[in-house]
Structure formats: structure tokens, C-alpha cells
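A.B. asks: I am attaching a structure below and will ask some questions about it afterwards.
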Amino acid sequence: MSPPNKKLSSSSSSLSLGSPSFLVLIVAVPLVVISMVVFLLIPQSFSWSSLPSRATRRVGICGSYPCASFPLEEEAPGNFSIFNSSESLIAKELIQSGQAQETLSLKESDEVGVNATAKVIKRYSSLAKVEASLAKARSAIREAARVRNLTSVHEDPDYVPRGPIYRNANSFHRSYLEMEKLFKIYVYEEGEPPLFHEGPCKSIYSTEGRFIHEMERGNFFRTRNPNEALVYFLPFSVVRMVQYLYVPGAHEIHAIGRAVVDYINIISDKHPFWNRSLGADHFMLSCHDWGPRTSKYDSNLFNNSIRVLCNANTSEGFNPSKDASFPEIHLRTGEATGLVGGISPSQRTILAFFAGRLHGDIRPLLLAQWKNKDQDVQVYEQLPKQMSYDYMLKKSKFCLCPSGYEVASPRVVEAIYAECVPVLISENYVPPFSDVLNWKAFSVQIEVKDIPKIKEILMGISQSQYLRMHRRVKQVQRHFLVNNGAPKRFDMFHMTIHSIWLRRLNIHIQD
Numbered sequence: 016m017s018p019p020n021k022k023l024s025s026s027s028s029s030l031s032l033g034s035p036s037f038l039v040l041i042v043a044v045p046l047v048v049i050s051m052v053v054f055l056l057i058p059q060s061f062s063w064s065s066l067p068s069r070a071t072r073r074v075g076i077c078g079s080y081p082c083a084s085f086p087l088e089e090e091a092p093g094n095f096s097i098f099n100s101s102e103s104l105i106a107k108e109l110i111q112s113g114q115a116q117e118t119l120s121l122k123e124s125d126e127v128g129v130n131a132t133a134k135v136i137k138r139y140s141s142l143a144k145v146e147a148s149l150a151k152a153r154s155a156i157r158e159a160a161r162v163r164n165l166t167s168v169h170e171d172p173d174y175v176p177r178g179p180i181y182r183n184a185n186s187f188h189r190s191y192l193e194m195e196k197l198f199k200i201y202v203y204e205e206g207e208p209p210l211f212h213e214g215p216c217k218s219i220y221s222t223e224g225r226f227i228h229e230m231e232r233g234n235f236f237r238t239r240n241p242n243e244a245l246v247y248f249l250p251f252s253v254v255r256m257v258q259y260l261y262v263p264g265a266h267e268i269h270a271i272g273r274a275v276v277d278y279i280n281i282i283s284d285k286h287p288f289w290n291r292s293l294g295a296d297h298f299m300l301s302c303h304d305w306g307p308r309t310s311k312y313d314s315n316l317f318n319n320s321i322r323v324l325c326n327a328n329t330s331e332g333f334n335p336s337k338d339a340s341f342p343e344i345h346l347r348t349g350e351a352t353g354l355v356g357g358i359s360p361s362q363r364t365i366l367a368f369f370a371g372r373l374h375g376d377i378r379p380l381l382l383a384q385w386k387n388k389d390q391d392v393q394v395y396e397q398l399p400k401q402m403s404y405d406y407m408l409k410k411s412k413f414c415l416c417p418s419g420y421e422v423a424s425p426r427v428v429e430a431i432y433a434e435c436v437p438v439l440i441s442e443n444y445v446p447p448f449s450d451v452l453n454w455k456a457f458s459v460q461i462e463v464k465d466i467p468k469i470k471e472i473l474m475g476i477s478q479s480q481y482l483r484m485h486r487r488v489k490q491v492q493r494h495f496l497v498n499n500g501a502p503k504r505f506d507m508f509h510m511t512i513h514s515i516w517l518r519r520l521n522i523h524i525q526d
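Below you can see the structure in the form of C-alpha cells.
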């Protein structure tokens with residue numbers, strides 16, 4: 016900087032106070048000084064090109080959902096900024112997304128004090144319209160959450176949520192109705208079967224295949240116009256990838272991970288939606304144990320996207336604020352026919368029942384403590400041939416549901432189908448639909464360390480309390496049903512969609 020200063024000082028001696036050169040100088044020098052100060056005050060890491068042209072922020076919907084509470088200004092990866100829920104935030108969203116005002120009056124004033132008012136017509140993108148509709152839905156759900164009645168106040172020709180099986184029956188019902196009105200899902204068409212667009216419908220992983228099948232049929236919530244979609248479905252089947260890409264005996268699943276990464280690269284190159292939100296409004300669905308591991312091959316899929324997983328293990332990265340727990344149902348024939356229903360409580364002569372193979376860390380403890388030890392707590396590694404598994408479920412008051420290799424177990428839904436109160440024995444497991452359902456009202460949860468106390472705990476439940484739990488199991492059953500033919504309102508398919516809807520409500524995406 017010294018050469019310019021020398022030049023200025025040497026030339027200033029020849030200037031007179033009234034000369035034009037002097038006037039230019041006294042104007043220019045302050046401008047240069049101000050520019051230098053501004054430059055020094057801006058952080059070194061700042062660049063105008065780094066200002067985000069798109070952003071995704073997380074917002075809460077209402078206090079009745081655990082996934083809706085976030086600390087203020089929490090750090091998050093990529094372009095995420097996370098905010099807590101508030102009524103003022105909804106108001107801001109309404110204005111920002113264009114719902115509150117179709118035109119804005121802008122006052123402009125110039126340097127000489129001349130004021131002008133101009134009407135500016137605001138044109139909204141498809142995304143802004145989507146976010147405006149979501150802002151209205153959030154507001155409606157928050158308002159409904161203020162009603163603490165055990166029964167929803169909304170009319171419904173099919174079903175009105177009521178009772179303690181719900182965290183908040185009214186807010187759930189309002190949310191469900193908003194979902195039916197607004198929710199649209201775009202299914203990417205890229206990819207070929209069998210790895211994409213199909214899955215198993217007759218196995219322990221049947222819920223994965225049935226969900227993909229229903230989305231491909233396109234009768235519920237699917238849109239062919241990606242610009243009007245609220246979420247985007249990545250239609251790969253981890254079960255099929257394991258079947259066709261995994262080498263038996265291998266200790267890695269790199270081929271499966273590469274297939275998922277390649278697919279995301281294809282859809283992100285062809286469509287703008289993944290890059291716009293870094294995957295936050297996209298979802299994958301898997302009932303295979305390796306679903307969480309598969310998602311780790313793409314950091315945005317793991318950290319940002321909605322992962323609908325049967326293996327909902329918080330110790331392995333499952334995040335209830337953005338991920339959804341999915342029921343694991345073993346449909347041997349592809350249908351639930353013959354599995355649903357039970358006998359009256361007075362005819363259930365067995366206190367507790369379990370039968371299953373020895374794997375994982377919890378089941379060995381259960382069998383060591385109770386196998387062939389007690390007629391009230393009947394625990395089998397392999398059920399005798401003359402005994403029916405389904406019949407034993409229906410003869411029992413409580414059905415033990417210990418985790419195996421992974422936290423999820425199909426026995427949870429099997430118990431609900433048989434109207435047997437499920438007893439969850441697991442660690443770090445988030446049960447399905449737990450942001451809506453109050454599992455404590457219709458199930459028993461026992462810690463692993465209390466396995467020796469199973470009989471004591473269950474015997475401590477009074478007959479009247481058991482009867483209430485039994486009635487609630489029968490009531491909650493509708494939310495886990497896999498209906499033959501087309502899905503029905505409030506069934507397992509619709510409840511899964513609702514879990515995805517809730518997580519989409521929790522984010523705000525901008526162009």
C-alpha cells in the first residue's frame with residue numbers, strides 16, 4: 016500500500032482547496048478507507064458464491080410428536096439449519112412462501128428523498144406452493160394438538176381415533192386428514208427389476224415388498240408430476256439386492272452399497288430434486304437387517320433422507336426425528352388371512368409364551384432363564400411338532416418379543432394379530448408409529464436386566480389392567496393390518512405413509 020500513499024502525498028502539494036482535483040480527492044479517500052475496513056471485517060472464509068441458493072431447515076409440527084422437538088439453531092450437516100417449533104415460525108413461513116400475501120407493496124426512496132410505491136406481483140415456484148400448503152397443515156395440526164380430549168373432535172365416516180393408545184388422538188386425526196388431502200409422492204422411474212420397483216411379498220420381509228408394490232400400482236398418494244410431489248421415493252429393494260448382489264460368506268456388502276450410490280448419482284444427474292434438498296425430502300424403505308448399513312454408503316442418504324426401517328436401532332444411527340420405524344410382519348402366504356383374531360381373555364390359560372431360534376444377545380438370556388422352567392412362562396427354542404405356534408399365541412395373555420440379531424421382531428405384530436399383549440424385550444428399539452401411538456397403553460416393555468423378573472412383573476399386572484390392555488390391543492390392531500387387495504384407511508400401509516408425512520412436515524425446503 017505504500018507506493019499509492021507516496022503518490023498521493025507528492026501530488027497533494029500542488030492542489031488548491033477549491034480545485035476540482037482536490038474535491039475529487041476528499042471524496043475518493045474516505046471511500047477507499049471504508050472499503051478497506053469492510054474487507055477486513057468480513058470473515059476470511061466468506062465468499063459471495065458460498066451464499067446458499069437453496070436451503071433446508073427443520074421445523075417442528077406440534078408438541079404431541081416426540082420427533083417434532085428441536086433445539087434452537089442446532090448444527091446440522093450440509094445445507095441444514097435446524098429450528099425449534101413456534102407459532103411465529105409458522106407466520107414467517109406463511110409470508111415467505113407466499114400464502115399470506117399475493118402481492119406486496121414495496122416502498123422505495125432514493126437519495127434525494129423521493130418516495131415511490133410500486134405493486135410487485137410475486138410469482139411462486141412449485142416448491143413455494145408446496146411449502147405454503149405444508150405451512151397451513153402445520154398450523155392446523157398445532158391447533159388440533161391443543162385439544163387434549165381422548166377422542167378426536169373431527170368427524171370421519173370410517174374411524175375416529177380415541178382412547179389412550181394415542182399420544183394425542185385429535186392431533187393425529189387432524190394430521191391424518193391433512194395427509195390425505197395434500198400428500199403426494201413421486202416414485203423415480205429409473206432402475207430395472209428385480210433390484211428396483213419390486214420386492215418380496217411372501218417372507219419375513221414381506222412389508223418391504225408390499226409397500227413397493229402398492230407404490231408402483233399408484234392408486235394411493237402417487238403423482239406422475241415430480242414438481243408437485245412433497246417427497247420422492249427411491250424404489251430399491253435391499254432384500255433383492257442381497258439376493259442378487261451379495262456373495263454368501265463375504266464379510267462386506269460393497270456391491271450393494273455401490274448399487275445404491277450409483278442409483279442416487281443417476282437420479283441426481285437427471286433430476287434437480289435430490290441436489291435441491293441434499294436428499295432431505297427423499298425416502299428409502301427397507302425391512303432387511305442390512306437396510307441401515309446400506310444407507311451408510313451415501314452420507315446424504317444416511318444423514319438427511321427419511322429412512323423407513325424395520326431395524327430401528329438408535330445405537331446404529333436411527334434418528335427418530337427424521338427416520339421412521341416400520342413393522343416387520345412375516346406373511347408366509349403373502350396375506351394375513353387366518354392370522355388375525357383370538358379367543359376371549361377368560362380362555363387364555365398361559366401367562367406368557369415365546370418360541371424362537373437362539374440368536375442375538377437377548378434370546379440366550381431368555382432361554383437360559385425360562386426354557387422348560389415354568390408352566391406359566393412357556394419358552395421354547397423349537398416348538399414341539401404337535402403344538403401350533405398360532406394357537407399358542409392365542410392361548411396366551413402375554414407374548415414375549417425379544418430382539419434377535421437385530422432389534423425388530425415379527426413377533427410384535429404376530430402378538431397384536433392374535434390379541435395377545437406384546438412384551439417388548441429389547442435395547443435401543445423404536446417401535447413402529449411411536450410418534451402417534453402410546454405403546455405403554457397396550458404393551459409391556461421389560462429391560463434385558465429384568466428377564467429373571469418376567470413372571471413377577473406380569474403377575475403384578477392386575478386382571479382389570481390386563482383386560483384394558485387386551486381391549487387396546489384389539490383397537491390398535493387396525494393400524495398393523497395388511498389388508499387383502501387394496502389398502503384401507505388407517506391400516507399398516509397408510510400408517511407408514513403417515514410416518515413419512517410427519518417427517519416431511521418437519522422440514523422446510525427452499526430453492
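Anchor point for the sequence shown: position 440 equals 455 in this note's numbering, and the numbering is continuous, going up by one each time. Note that the Cβ used here is the ideal one computed from N, Cα and C, for glycine as well.
(1) Quick one: what does DSSP say Leu366 is sitting in, helix, strand or coil?
(2) Please list the segments of the alpha helix (DSSP H) lying wholly inside the segment 309-397, counting only runs of 4 or more residues, in order along the chain.
(3) Nearest-angstrom Cα distance between Ala265 and Gly178?
(4) Which residue wins for smallest C-alpha separation from Ile321, given the options Ser458, Lys489, Trp289, Pro215?
(5) Under 9 Å, do Ser411 and Gly375 count as touching if we go by C-beta distance?
(6) My understanding is that Val275 touches Thr329, with C-beta atoms under 8 Å, so please give their C-beta distance in whole angstroms.
(7) Can you name the start and end residues of the alpha helix (DSSP H) that Ile469 belongs to?
(8) Is Met507 helix, strand or coil when you go by DSSP?
(9) Suppose you measure from the CA of Pro250 to the CA of Ala327; what does that come to, to the nearest Å?
(10) Output the boundary residues of the alpha helix (DSSP H) element that contains Leu439.
(11) Grouping DSSP H, G and I as helix and E and B as strand, with all else coil, what is Phe187?
(12) Between Glu205, Gly233, Ile377, which lies nearest to Ala423 when the distance is taken from Cα to Cα?
(13) In the DSSP assignment, what residue or residues form a beta bridge with Ile522?
(14) Is it the case that the Cβ atoms of Ile180 and Arg487 are separated by a distance below 9 Å?
(15) Give every residue of the same chain whose Cβ lies closer than 6 Å to the Cβ of Trp516, excluding the five residues on either side of it in the sequence, and list them in chain order.
(16) Quick one: grab the DSSP three-state call for His297.
(17) Can you check whether the CB of Ala150 is closer than 9 Å to the CB of Arg190?
(18) Under 6 Å Cβ to Cβ from Ala351, same chain only, skipping five residues before and after it: list those, please.
(19) My understanding is that Val428 touches Glu442, with C-beta atoms under 8 Å, so please give their C-beta distance in whole angstroms.
(20) Buried or exposed, going by whether 16 or more other CB atoms sit within 10 Å of the CB of Ser141?
(21) What is the DSSP secondary structure of Leu496, reduced to helix, strand or coil?
(22) Quick one: using the 10 Å Cβ neighbour count with 16 as the cut-off for buried, is Arg519 buried or exposed?
(23) Confirm, please, whether the CB-CB distance from Thr71 to Leu293 is below 9 Å.
(24) To the nearest angstrom, how far is the alpha carbon of Met402 from that of Arg426?
(25) Tyr420 by DSSP, collapsed to three states: which one?
(26) Measure the C-alpha to C-alpha separation of Leu165 and Asn185 and round it to an integer number of angstroms.
(27) Are there three or more Cβ pairs, one per stretch, closer than 8 Å when the segment 214-234 is compared with the segment 298-309?
(28) Classify Arg153 as helix, strand or coil using the three-state DSSP reduction.
(29) Return the Cβ separation of Leu380 and Ile466 in integer angstroms, given the expectation that the two are a contact with Cβ distance under 8 Å.
(30) For Ala159, which residues of its own chain have a beta-carbon under 7 Å away from its beta-carbon, when the five flanking residues on both sides are left out?
(31) What whole-angstrom Cβ distance do Pro307 and Thr222 have, given they're in contact under 8 Å?
C.D. replies: A quick look at the data gives this:
(1) Looking at Leu366 - three-state DSSP - the assignment turns out to be strand.
(2) If you keep only unbroken alpha helix (DSSP H) runs of at least 4 residues inside the segment 309-397, you get 314-318, 377-385.
(3) For Ala265 and Gly178, the distance between alpha carbons rounds to 49 Å.
(4) In terms of CA proximity to Ile321, Trp289 leads the group Ser458, Lys489, Trp289, Pro215.
(5) No; because the gap between Cβ atoms is not below 9 Å, this pair is not in contact.
(6) Approximately 22 Å separates the beta-carbon atoms of Val275 and Thr329; this is outside 8 Å, ruling out the contact.
(7) 469-474 is the span of the alpha helix (DSSP H), which, as asked, contains Ile469.
(8) If DSSP states are grouped into helix, strand and coil, Met507 belongs with the helices.
(9) Pro250 and Ala327: Cα-Cα distance of roughly 19 Å.
(10) Run containing Leu439: none in the alpha helix (DSSP H); it sits in the beta strand (DSSP E), 436-440.
(11) Correct three-state label for Phe187: helix.
(12) Among Glu205, Gly233, Ile377, the Cα nearest to that of Ala423 is on Ile377.
(13) Ile522 is bridged to Arg73.
(14) In contact: Ile180 and Arg487 (Cβ atoms closer than 9 Å).
(15) Once the five neighbours on either side are set aside, the close Cβ partners of Trp516 are Met194, Phe198.
(16) Strand, per DSSP.
(17) Contrary to the premise, residue 190 reads as Ser rather than Arg in this sequence. Cβ distance not < 9 Å, so Ser190 and Ala150 don't count as in contact.
(18) Its chain contains Val497 as the residues whose beta carbon lies nearer than 6 Å to that of Ala351, once the 5 sequence neighbours on both sides are disregarded; these appear in chain order.
(19) About 20 Å separates the two Cβ atoms, so there is no contact after all.
(20) It counts as exposed.
(21) Three-state DSSP puts Leu496 in coil, outside helix and strand.
(22) Flag for Arg519 reads buried.
(23) Yes, the Cβ-Cβ distance between Leu293 and Thr71 is below 9 Å.
(24) Approximately 17 Å, taken between the alpha carbons.
(25) Coil.
(26) Those two C-alpha atoms are separated by around 8 Å.
(27) With a cut-off of 8 Å on Cβ pairs, the segment 214-234 is in contact with the segment 298-309, counting three or more such pairs.
(28) The answer is helix: DSSP assigns Arg153 an H, G or I state.
(29) Right, the Cβ-Cβ distance comes to about 5 Å (below 8 Å), so this counts as a contact.
(30) So the list reads Asn185, Ser186, Arg189, once near-sequence residues are dropped.
(31) In this structure Pro307 is not in contact with Thr222, their Cβ atoms being roughly 16 Å apart against a cut-off of 8 Å.
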